[in-house]
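Structure first, then comments.
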Ligand code: HEM
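Residue numbers (our numbering): 1 to 232.
This is the structure in structure tokens:
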């Protein structure tokens, strides 16, 4: 049995990543699986990006975050939700950033710099003193979008009709990578179990990062399993 230092999970980024990656069994095989399909997946990025913004614009509760001037955007902003369209310059600007993010997920290298980037992407969605535009997206929307991105990506991967082994490995690898990103979000939204006011006998098992990690592993396992069943 490995000992994991509970406190260090919250104050040492590398230690936290090592634990989460080890738990999900994300490693060399996954990196190779992503690299093996990267060039085939890349043309799907604009499709994923368009789908993401179409989805975020379906609800006022998510669309409203795109009305204020985004950091680095110099053009005119729309003044009403109705006037903010999917082809508005600020949305084109946002779409470029999301494309860059997805390209980075494909490209790696999955080193310290990359992990700091995943951490930063999560952090900018919360209201932090280091961030000028101060958006404060509630976790419910992040979770919805993570699920949506994942299923869009799964659909995209399946549409490539890769051989069964390549497809299964790629599905598992992308799934783990997105759940790793989700842990970076969880880090900013979820309290460590030792800071939850009413301790319960399950608190150490139901701590947010443990639950998120277990869900990632479980869903990844199921996706690959059902992928096999469907194809066999
Ligand atoms: C799947 C989860 C999400 C991912 C991976 C993600 C990714 C990103 C990325 C890569 C950026 C650009 C960072 C840069 O400037 O390079 C960004 C910015 C932004 N995201 Fe998200 N996002 C997620 C969820 C959401 C949700 C749910 C909303 C709103 C409902 C949202 C609203 C925004 C806004 C408004 C910005 C611009 C912030 C600014 O610069 O002022 N994001 N996001």
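From the three backbone atoms N, C-alpha and C, an ideal C-beta is built for every residue, glycine too.
Please read these numbers as outputs of a predicted model, since none were measured by experiment.
Take residue i as the anchor and find which of the options has the nearest alpha-carbon.
i, options, result
"residue 72", "32, 47, 132 and 58", "132"
"residue 24", "2, 186 and 172", "172"
"residue 30", "166, 184 and 192", "166"
"residue 57", "77, 82, 40 and 33", "82"
"residue 163", "37, 145 and 116", "37"
"residue 43", "157, 13, 108 and 185", "157"
"residue 70", "55, 116, 192 and 93", "93"
"residue 153", "59, 174 and 68", "174"
"residue 2", "12, 11, 13 and 22", "22"
"residue 88", "28, 67 and 168", "67"
Grouping DSSP H, G and I as helix and E and B as strand, with all else coil, what is residue i?
i, result
"residue 130", "coil"
"residue 13", "helix"
"residue 69", "coil"
"residue 146", "helix"
"residue 117", "helix"
"residue 2", "coil"
"residue 202", "With a pLDDT of 43 at residue 202, under the threshold of 50, the predicted position of this residue should be treated as unreliable, though the coordinate-derived value follows. Here residue 202 sits in coil by DSSP."
"residue 19", "helix"
"residue 182", "helix"
"residue 53", "helix"
"residue 136", "coil"
"residue 191", "coil"
"residue 80", "coil"
"residue 45", "helix"
"residue 108", "coil"
"residue 160", "coil"
"residue 34", "helix"
"residue 74", "coil"
"residue 27", "coil"
"residue 59", "coil"
"residue 91", "helix"
"residue 7", "coil"
"residue 86", "coil"
"residue 141", "helix"
Quick one: residues in its chain with C-beta nearer than 6 Å to the C-beta of residue i, no 5 flanking neighbours on either side, listed in chain order?
i, result
"residue 160", "40"
"residue 55", "148"
"residue 4", "19"
Does the distance from the CB of residue i to the CB of residue j come in under 7 Å?
i, j, result
"residue 84", "residue 53", "no"
"residue 170", "residue 51", "no"
"residue 135", "residue 99", "no"
"residue 35", "residue 118", "no"
"residue 26", "residue 187", "no"
"residue 185", "residue 115", "no"
"residue 139", "residue 189", "yes"
"residue 65", "residue 121", "no"
"residue 90", "residue 77", "yes"
"residue 233", "residue 183", "As shown, the chain starts at 1 and ends at 232. That puts residue 233 outside it, with no answer to give."
"residue 62", "residue 125", "no"
"residue 191", "residue 150", "no"
Given residue i, which residues of its chain have a CB within under 8 Å of its CB, disregarding the five upstream and five downstream residues?
i, result
"residue 103", "42 and 45"
"residue 8", "15 and 16"
Who are the Cβ neighbours of residue i in its own chain at under 7 Å, not counting the five residues just before and after it?
i, result
"residue 202", "Low per-residue confidence applies at residue 202: pLDDT is 43, beneath 50, and the placement is therefore not dependable enough to give any value."
"residue 105", "177"
"residue 75", "89 and 90"
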